[in-house]
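Residue numbers (the numbering used here), protein chains in the order written: chain P, 1 to 209; chain H, 1001 to 1209. Shown next, in structure tokens, is the structure this report addresses.
Right, here's the structure in full:
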């Protein structure tokens, strides 16, 4: 089914998943494209078009079955599986990630953190232990690690990423301020640039005035 | 000039700004669209098309003047001005933001943090003081505050945002896990959803296999 869905729709899926999750929590069993469009500040026709990609479970006069749609989108996003995560760089951003329970609830539990600062070795944050970066190799060999989050300075990011890829951890959630790119097509990277988002805000401020 | 630039180009500007900034730091004075396209993993024609929006300073056989282009894009993004920022919610994400010097260097100094936890009142992080949320109003009246970053739980985000908008702080950098939207068209919001980015990574992992 994945093959047929456009990238533009894929990029909107996490947002649908979030809104449908909120509806589920509120006990909503079904919703029309019109009601959903109001909540999502979108149009009913956009929503119908997007959700048509997931087969015929939107029915005239009934609307969408919230739970079914939520679960189907979850499967497309791979959220029906658990993705074990480690965090390289045990600074404030790493702490914010391990303290935020939602990532674990979504299926992304953090197994461990790694740092180069000896003062942090052995400490735990929200029950997650900080290891020396020297222990990365043995940890990855002994545990199934699916994703590595990089929350370290730009200048160390490629070294850490190359090491991880060499150890077989080919999914990188990168917060370092550099676009990581790899020749190995198996490596998937999601670059998060907080400063880009701040610049976008600044642009909108400037063009408003 | 802004009016003529498409939203798609605008969204790419922060990335150009970052790459040109790196080139400046390395002492590069000029660069061809071909060289830049290799660095940015883009195409020379895309780059020429995008940068044509900024007038005729790419010259055949010369390339682009890095400093000029960097400064022009900075102006479009509003980075030639200082945007004073406060952070509401003094948790780990707030600490990560105030400890990251680059935001200040880009022109977004943090003036203060606010929280509801009395244990934090009066503490400073990287020289930035944490105030009681009760002091928000007087602080905003006595200081020019351009942007409020919200790093607080979802259920408190709208209350805080409405209070800020009422006080005239109409630019919100929102990390709470809800899409903030306002009827007031003067309000600009940049929503950062880290879980959406993690889901996007998960989708790419799932579709790779």
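For every residue, glycine included, the Cβ atom is placed at its ideal position computed from N, Cα and C. Since the model is a prediction, treat every value here as computed from it, not as a measurement.
Selection from the options that minimises the alpha carbon distance to residue i
| i | options | result |
| --- | --- | --- |
| residue 140 (chain P) | P:87, P:197, P:73 and P:38 | P:87 |
| residue 71 (chain P) | P:118, P:23 and P:117 | P:23 |
| residue 1174 (chain H) | H:1111, H:1064, H:1149 and H:1011 | H:1149 |
| residue 1100 (chain H) | H:1178, H:1127, H:1075 and H:1009 | H:1127 |
| residue 5 (chain P) | P:53, P:63, P:105 and P:17 | P:53 |
| residue 145 (chain P) | P:133, P:167, P:154 and P:160 | P:167 |
| residue 1103 (chain H) | H:1142, H:1012 and H:1018 | H:1018 |
| residue 1076 (chain H) | H:1131, H:1112 and H:1014 | H:1014 |
| residue 1125 (chain H) | H:1133, H:1097, H:1132 and H:1008 | H:1097 |
| residue 1188 (chain H) | H:1094, H:1161, H:1050 and H:1021 | H:1161 |
| residue 1032 (chain H) | H:1065, H:1010 and H:1009 | H:1065 |
| residue 61 (chain P) | P:35, P:131 and P:43 | P:35 |
| residue 1009 (chain H) | H:1046, H:1025, H:1041 and H:1029 | H:1046 |
| residue 40 (chain P) | P:134, P:12, P:191 and P:183 | P:12 |
| residue 171 (chain P) | H:1200, H:1038 and H:1191 | H:1200 |
| residue 1184 (chain H) | P:208, P:143, P:82 and P:67 | P:208 |
| residue 130 (chain P) | P:193, P:81, P:106 and P:112 | P:112 |
| residue 1000 (chain H) | H:1202, H:1203 and H:1177 | Residue coverage of chain H in this structure runs from 1001 to 1209, which leaves residue 1000 (chain H) outside it and unanswerable. |
| residue 1025 (chain H) | H:1007, H:1037, H:1044 and H:1067 | H:1067 |
| residue 1028 (chain H) | H:1138, H:1191 and H:1063 | H:1063 |
| residue 123 (chain P) | P:138, P:95, P:136 and P:106 | P:95 |
| residue 1133 (chain H) | H:1074, H:1192 and H:1163 | H:1163 |
| residue 74 (chain P) | P:186, P:191, P:105 and P:48 | P:105 |
| residue 1190 (chain H) | P:186, P:196 and P:191 | P:196 |
| residue 154 (chain P) | P:37, P:44, P:49 and P:192 | P:192 |
| residue 1049 (chain H) | H:1030, H:1081, H:1080 and H:1016 | H:1016 |
Interface partners of residue i on chain A, CB under 8 Å
| i | result |
| --- | --- |
| residue 108 (chain P) | You won't find chain A in this structure, because its protein chains are P and H. |
Presumed contact (8 Å Cβ cut-off) between residue i and residue j, rounded CB distance
| i | j | result |
| --- | --- | --- |
| residue 1078 (chain H) | residue 206 (chain P) | 3 Å |
| residue 151 (chain P) | residue 198 (chain P) | With a Cβ gap of about 17 Å, residue 151 (chain P) and residue 198 (chain P) do not count as contacting. |
| residue 182 (chain P) | residue 165 (chain P) | 6 Å |
| residue 69 (chain P) | residue 20 (chain P) | 6 Å |
| residue 158 (chain P) | residue 180 (chain P) | 7 Å |
| residue 1108 (chain H) | residue 1147 (chain H) | 7 Å |
| residue 1156 (chain H) | residue 1084 (chain H) | So it is not a contact: roughly 22 Å between Cβ atoms. |
Residue i Cβ short of 7 Å to the ligand MN heavy atom set
| i | result |
| --- | --- |
| residue 179 (chain P) | Summarising the ligand content, the structure contains no ligands, and the ligand MN is consequently not present. |
**OP:** Let me know the alpha helix (DSSP H) ranges lying completely inside the segment 1047-1130 of chain H, each 4 residues or longer, listed in chain order.
**Re:** Runs of the alpha helix (DSSP H) inside the segment 1047-1130 of chain H: 1066-1076, 1092-1099 and 1101-1105.
Original post:
Given a limit of 8 Å on CB to CB distance, which residues of the segment 1121-1146 of chain H reach chain P?
Top reply: When C-beta distances to chain P are compared with 8 Å, the residues of the segment 1121-1146 of chain H below that value are 1146, in chain order.
Original post:
Between the segment 1115-1125 of chain H and the segment 1086-1105 of chain H, do three or more beta carbon pairs fall short of 8 Å?
Top reply: The segment 1115-1125 of chain H, when compared against the segment 1086-1105 of chain H, does touch it at the 8 Å Cβ threshold.
Subject >> Whole alpha helix (DSSP H) elements within the segment 1124-1178 of chain H, 4-residue minimum >> reply: With a minimum length of 4 residues, the continuous alpha helix (DSSP H) runs that stay inside the segment 1124-1178 of chain H are 1136-1142 and 1154-1166.
Original post:
Counting only runs that start and end within the segment 8-48 of chain P, where is the alpha helix (DSSP H) found for 4 or more residues in a row?
Top reply: Contiguous alpha helix (DSSP H) elements confined to the segment 8-48 of chain P occur at 33-40, taking only those with 4 or more residues.
Subject >> Contacting positions in the segment 20-43 of chain P - beta carbon closer than 9 Å to chain H >> reply: Listed by position, the residues of the segment 20-43 of chain P near chain H (Cβ gap below 9 Å) are 22, 40 and 41.
Subject >> chain P contacts from the segment 1004-1019 of chain H (Cβ-Cβ distance under 9 Å) >> reply: Taking 9 Å as the Cβ-Cβ cut-off against chain P, the residues of the segment 1004-1019 of chain H that qualify are 1010, 1011, 1013, 1014, 1015, 1017, 1018 and 1019.
Subject >> Contact set between the segment 1061-1078 of chain H and chain P, restricted to residues whose Cβ is under 8 Å from the partner >> reply: Within the segment 1061-1078 of chain H, the residues whose Cβ lies closer than 8 Å to some Cβ of chain P are 1076, 1077 and 1078, listed in chain order.
**OP:** Quick one: which residues of the segment 92-116 of chain P get their C-beta closer than 7 Å to a C-beta of chain H? List them in chain order.
**Re:** Listed by position, the residues of the segment 92-116 of chain P near chain H (Cβ gap below 7 Å) are 92, 93, 95, 96, 99, 102, 103, 106 and 108.
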